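Asks: Letter 81 of the sequence shown, counting from 1, is numbered 200 in the working numbering, and no numbers are missing.
Note that CB positions come from ideal geometry on N, CA and C, so glycine has one too.
Small disclaimer: the values here were computed from a predicted structure and weren't measured.
Before we start, here is the structure in question, set down as structure tokens.
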Amino acid sequence: QGTLRMSGAFAQKATRNAADLAKSVRIYTMFPQMPSPMPAPTATPEVLREEMDTRAERMRQSGRDPHVDQHGRIYTHISTPNVSNTIHGVYLTLDATGLLDDIPPALDLFGTKEVERE
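Shown next, in the form of structure tokens:
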């Protein structure tokens, strides 16, 4: 997520118009390359490590494409052999310019305490 935020993918100017805001929504999905077959839930850490270490070679031997699944979905990363979820990120482009009469307070790293502006 941080990479997408910093990439400039969301650098467009937003609007206060609801229809334009809806059009600015971007949905990104991270689709992991999962093991096939999945290791048993009772698999030991050693078995899971072995699965990761040998997956590429087993995929090559079986003819499985390491970049795309059988439905054409492109893998974004190699998943660990534990149960994993596909990650969906929904991003709204918001512009708060002019919404505040005052300068917003400076907050600490955690956003919990107001600190003096430098």
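Would Met153 and Ser198 be called neighbours here (beta carbons separated by less than 8 Å)?
Replies: Yes, Cβ-Cβ distance for Met153 and Ser198 is below 8 Å.
Asks: Identify the continuous beta strand (DSSP E) that holds Thr148 and give its terminal residues.
Replies: That run of the beta strand (DSSP E) goes 145-149.
Asks: DSSP has Gly208 in a bridge; who is on the other side?
Replies: Paired residues: Tyr147.
Asks: Measuring straight from C-alpha to C-alpha, what distance separates Thr161 and Thr173?
Replies: Approximately 19 Å between the Cα atoms of the pair.
Asks: Closer than 7 Å by C-beta to Val166: which residues in its own chain qualify, once you throw out the five before and the five after it? Chain order, please.
Replies: Within the same chain, Val166 has close Cβ partners Pro158.
Asks: Locate the alpha helix (DSSP H) running through Glu237, then write down its first and last residues.
Replies: First-last for Glu237: undefined, no H or E at that position.
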